[in-house]
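K.L.:
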Amino acid sequence: MKNNIKLATILAIFITFISCDDKIDVEVPEASPRLVIEASLDWEKGTLGNDQTIKLSTSTSFFENTLNTSVIGAMVKVTNNDTNAVFNFVDQNDGTYTVNNFVPVLNGSYTLEVVYDGEVYLATENLTPITGINEVFQSLEGGFDEELLDVNITYNDPAPLGNFYMIRMQEVGDLFPIIETRSDEFTNGNVQEEFFEKEDDDEDPTEQFNPGDEVNIKLYGISERYYNFITLLIEQYDSAGNPFATTPAEIRGNCINTTNAANYAFGYFRVTEFDQVDYIFQ
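Residue 1 is where the sequence shown starts when you use full-length UniProt numbering, and the numbers rise one by one after that.
Here it is, written out as structure tokens:
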């Protein structure tokens, strides 16, 4: 009897492994490639801001192995709508388009025009100013864990309501930065303080901030529309893997295809002033 039970168990396990060999084909919907416009004209506070770069590429399907999606042969220009000055970006034949004579004007209105594959894409933004970073310092009290080092910056928010900010922090050696957005809806006209702290990791203490670590922090003044756009992107990124998160939705930027509205582009055209600071933990 015991031998029969053992034999039945072995057969059940064998059948289970055999049944797992069945091939399952899943049809994944594919979309046609779209133009991707990476047009961030960022003017560092205290510099001329003449050198600017715009990058064009095409989107690919999830399982596509194409490595080079650069777009060459497009026409790219930016116009100052207040002065009618035109800045023609030169094709570098690697997907980037550059100028060395751009003239940034605070609060100025700019329009991007991209002509690619017989279609015209337009986007308009204002150059949003920034007051600048007041100070940068480290502490143990500013974060969530009083035993971990964090880095802090302060900056002044102007009195008029309706200012929006993006803060980008990247540690030297990290592949990706940490990006956060802020609105002055509840803090208008006050000194703002932001902190960055890495989570505690008992298995790898180097994951936390330690003396000698170097970080770069950039503070951008951004428009309300870009604030809404990038905040949604951050929320979707942070909720990845959360089974209770809202289903991700396609987020469109401000680049409109005026020739064929259905063939819209991905990406965003922004024009900002930013301030930056480097800090080494002590």
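Each residue gets a CB set at the ideal place from its N, CA and C atoms; glycine is no exception.
Here the structure is a predicted model, which means the values were calculated and not measured.
Exposed or buried, T58, counting other C-beta atoms within 10 Å across all chains shown (16 or more means buried)?
P.N.:
The sequence position of residue 58 within the sequence shown is 58, counting from 1. Classification for T58: buried.
K.L.:
Opposite Q138 in the DSSP bridges: which residues?
P.N.:
Along the sequence shown, one-based indexing puts residue 138 at 138. The partner list for Q138 (beta bridge, DSSP) reads V151.
K.L.:
With DSSP run on the structure shown, which of helix, strand or coil describes L11?
P.N.:
Translated into positions along the sequence shown, residue 11 becomes position 11. Bear in mind that a pLDDT of 47 at L11, under 50, signals an unreliable position, so the number given afterwards is only what the model happens to contain. The answer is helix: DSSP assigns L11 an H, G or I state.
K.L.:
Taking the alpha carbon of L149 as the reference point, which residue from S61, N81, Q208 has its own alpha carbon closest?
P.N.:
Residue mapping note: residue 149 aligns to position 149 of the sequence shown, counting from 1. Nearest C-alpha to L149: Q208.
K.L.:
In angstroms with no decimal places, state the Cα-to-Cα distance between T258 and V76.
P.N.:
The sequence position of residue 258 within the sequence shown is 258, counting from 1. The sequence position of residue 76 within the sequence shown is 76, counting from 1. If I take the Cα positions, the gap works out to 15 Å.
K.L.:
If you draw a straight line from the alpha carbon of A216 to that of E197, how long is it in whole angstroms?
P.N.:
Counted from its first residue, the sequence shown places residue 216 at position 216. Counted from its first residue, the sequence shown places residue 197 at position 197. Checking the sequence shown, residue 216 turns out to be Asn, not Ala. Each residue's Cα considered, the two are about 14 Å apart.
K.L.:
Starting from G268, trace the beta strand (DSSP E) both ways and give me its first and last residue.
P.N.:
For the purposes of this step, residue 268 is taken as residue 268 along the sequence shown, with counting starting at 1. For clarity, residue 268 is Tyr in the given sequence; the question names Gly instead. Segment 266-280, the beta strand (DSSP E) holding Y268.
K.L.:
From G73 to P104, what does the alpha carbon distance come to, in whole angstroms?
P.N.:
Residue 73 sits at position 73 when you count from the first residue of the sequence shown. Residue 104 sits at position 104 when you count from the first residue of the sequence shown. Whole-angstrom Cα-Cα distance: 26 Å.
K.L.:
For P211, which residues in the same chain have their Cβ closer than 7 Å to its Cβ, ignoring the five residues on either side in sequence?
P.N.:
Residue mapping note: residue 211 aligns to position 211 of the sequence shown, counting from 1. F281, Q282, listed in sequence order.
K.L.:
Determine the contact status of E125 and R34, defining contact as a CB-CB distance below 9 Å.
P.N.:
Residue numbering aside, residue 125 sits at position 125 when the sequence shown is read from its first letter. Residue numbering aside, residue 34 sits at position 34 when the sequence shown is read from its first letter. Cβ distance not < 9 Å, so E125 and R34 don't count as in contact.
K.L.:
Let me know if G46 comes out buried or exposed under the rule of 16 or more other beta-carbons within 10 Å of its beta-carbon.
P.N.:
For this step, residue 46 is matched to residue 46 along the sequence shown. Classification of G46: exposed, given that the 10 Å Cβ count is below 16.
K.L.:
Helix or strand or just coil, what does DSSP make of E235?
P.N.:
Reading the sequence shown from its first residue, position 235 is the one you call residue 235. DSSP places E235 in helix when its eight states are reduced to three.
K.L.:
By how many angstroms is the C-alpha of D94 removed from the C-alpha of V191?
P.N.:
The residue you call residue 191 lines up with position 191 of the sequence shown. The residue you call residue 94 lines up with position 94 of the sequence shown. Whole-angstrom Cα-Cα distance: 43 Å.
K.L.:
Does the beta-carbon of D174 have 16 or more other beta-carbons within 10 angstroms, so that it is buried, or is it exposed?
P.N.:
One-based indexing of the sequence shown puts residue 174 at position 174. Per the 10 Å Cβ criterion, exposed.
K.L.:
Within its chain, find whatever has a CB closer than 7 Å to the CB of T69; leave out the 5 residues flanking it on each side and keep chain order.
P.N.:
Here the question's residue 69 lines up with position 69 in the sequence shown. Cβ within range, chain order: S57, T58, T60.
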